[in-house]
Ligand SMILES: Cc1ncc(COP(=O)(O)O)c(C=O)c1O
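Residue numbers (UniProt numbering): 1 to 430.
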């Protein structure tokens, strides 16, 4: 009665009331254990003891805003800078991914003195007014697209406009952005930024082809804009072989601004914007101070440092690669067996399973995906869907997810998809 109806629950017909969690497991009020395959916020594992300890110890000493000197803030900025290319050496600390992207937008506009933004179709960059405006996933259902926002096609080589059989899909997708820039400029508009999630999640767990970011950055820079990599879901080693997902594009690629959030505090609200000295200085030149009451407080920074320590100490990047590769292998075996699985794509523990109704048109199997999620829940496995057709099963578990967990989920998937009832149900979906 007292909560807004626009806040949605998972499984609204039979919601789960959870009371505690540990590692990759969460427990409901009856003590039932669920395997969590989707919580990319509890990055190093729910309630990781080292993170809880760091928070508790710092809470007992001091927590305040960042108008005083404090080692945690400086240490944390230094540690983060070691994970990034040298040029991204200036940090702003904030409380949520939305705050980070909103600040990135302000920085881009202040630095370039331009207004317009290019985003990918179906993107989501946050819930603030400024970010709803640059999130087609949201604004398409609201009053629509602002004149300063330009939407580029998703570089999706499975169901996008240029597919795996195209002779140069990277160039073709990059040319779409170039066309957008040219058209905007013809109307006298000026590009401030290109915003992209390094691996588009809401768009359907998309892996942009290698080299795409470099080409886009060249066009955007030529137009006087900056490149913003949103790492709010996919950063901090989830992809395994690199710490940041934009690094999958190659060492020669460096964004101008990187935004971080969700996994950064393992559940504690902490976020960050990393940028270059030039951009930060252009922002400071206005003379208007940047103050954020909670951003960069000693407790948040102690937590952030503990998360980085755990990633290193427990070799979670290597683990994400090993478990992610194993899970992809098992899912690909399922793909051969079950025609409903059209595509399995991913890197590290960021994996999507694209469910289709027919091989030729690749029509999204939306209802079937929803049915599968409900069946998984009955087996105490929490999964969810993404993509404009809500037909892509997404795996983004805490990084402590194991090979046994992967095997269990895929065995269950096989069991459900092989079941006689499910075949009958799926055929009746038509
Ligand atoms: C890619 C991306 N950017 C930004 C945000 C906004 O982050 P927050 O909900 O912490 O404000 C989200 C949240 O889902 C996200 O997925």
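Where is the CB? At the ideal position from N, CA and C, for every residue including glycine. Since this is a predicted model, take the numbers as computed values, not measurements.
| query | result |
| --- | --- |
| Report the residue from 106, 63 and 16 whose alpha carbon sits nearest the alpha carbon of residue 275. | 106 |
| Buried or exposed for residue 30, going by 16 or more other Cβ atoms inside 10 Å? | exposed |
| Does the beta-carbon distance from residue 168 to residue 148 come in below 7 Å? | no |
| Excluding the 5 residues preceding and the 5 following residue 18 in the sequence, name in chain order all residues of the same chain whose CB lies nearer than 6 Å to its CB. | 26 and 28 |
| Could you give the first and the last residue of the continuous alpha helix (DSSP H) run that contains residue 326? | 316-337 |
| Does the beta-carbon of residue 62 have 16 or more other beta-carbons within 10 angstroms, so that it is buried, or is it exposed? | exposed |
| If you reduce the DSSP assignment to three classes, tell me which class residue 266 lands in. | strand |
| Flag residue 230 as yes when its Cβ comes closer than 6 Å to any non-hydrogen atom of ligand 1, and as no otherwise. | yes |
| From residue 125 to residue 100, what distance separates their C-alpha atoms? | 10 Å |
| Quick one: grab the DSSP three-state call for residue 25. | strand |
| Helix, strand or coil, according to DSSP, for residue 430 in the structure here? | Because residue 430 sits at a pLDDT of 47, beneath the cut-off of 50, its placement in the model cannot be relied upon, and the following sentence gives the value as read from the coordinates. Correct three-state label for residue 430: coil. |
| Could you check where the alpha helix (DSSP H) with residue 374 kicks off and where it finishes? | 366-378 |
| Roughly how far, in whole angstroms, is the beta-carbon of residue 258 from the beta-carbon of residue 281, given that I think they are within contact range, below 8 Å? | Going by Cβ atoms, the distance from residue 258 to residue 281 rounds to 17 Å, so no, they are not a contact pair. |
| Give me, in chain order, the residues of the same chain whose beta-carbon lies closer than 7 Å to that of residue 154; leave out the 5 immediate sequence neighbours on both sides. | 120, 121, 122, 160, 200, 203 and 206 |
| Look up residue 130 in the DSSP assignment and say whether it is helix, strand or coil. | helix |
| Between residue 198 and ligand 1, is the CB less than 6 Å from at least one heavy atom? | no |
| For residue 7, collect the residues of the same chain with a Cβ closer than 8 Å to its Cβ; drop the 5 residues on either side in sequence, then sort them by chain order. | none |
| How far does the beta strand (DSSP E) with residue 343 in it extend, from its first residue to its last? | 341-347 |
| Exposed or buried, which one is residue 60 when buried takes at least 16 other CB atoms within 10 Å? | exposed |
| What separation, rounded to the nearest whole angstrom, lies between the Cα atoms of residue 20 and residue 394? | 23 Å |
| From this set, 270, 217 and 255, which residue's C-alpha is nearest residue 262's C-alpha? | 270 |
| Pick helix, strand or coil for residue 218, following the three-state DSSP scheme. | helix |
| Taking 8 Å as the threshold, find out whether the stretch 306-313 comes into contact with the stretch 354-372 through three or more Cβ pairs. | no |
| Spatial neighbours of residue 430 within its chain, please: C-beta separation below 6 Å, excluding the five flanking residues on both sides. | Confidence is the limiting factor: at residue 430 the pLDDT is only 47, short of 50, which leaves the residue's position unreliable, though a coordinate-based value still follows. Here the set comprises nothing. |
| According to DSSP, is residue 227 part of a helix, a strand, or is it coil? | strand |
| If you drop the 5 nearest sequence neighbours on each side, which residues of the same chain put their C-beta closer than 8 Å to that of residue 209? | 155, 157, 169, 170 and 173 |
| Are the beta-carbon atoms of residue 372 and residue 353 separated by less than 7 Å? | no |
| Which residue marks the beginning of the alpha helix (DSSP H) containing residue 301, and which one marks its end? | 298-313 |
| Give me the Cα-Cα distance between residue 402 and residue 323, rounded to the nearest whole angstrom. | 6 Å |
| CB of residue 233 to nearest heavy atom of ligand 1: below 6 Å? | yes |
| Report the residue ranges of all beta strand (DSSP E) runs contained in full by the stretch 76-113; include only those spanning at least 3 residues, in chain order. | 90-94 |
| Using a Cβ-Cβ cutoff of less than 8 Å, which residues in the same chain neighbour residue 216 once the five nearest sequence positions on both sides are dropped? | 174, 177, 194, 196 and 227 |
| Just the C-alpha distance for residue 165 and residue 389, rounded to the nearest angstrom, thanks. | 22 Å |
| Excluding the five sequence neighbours on either side, which residues of its own chain have a C-beta within less than 6 Å of the C-beta of residue 391, listed in chain order? | 355, 364, 365, 366 and 369 |
| Within the present structure, is the beta-carbon of residue 98 separated from the nearest heavy atom of ligand 1 by less than 6 Å? | yes |
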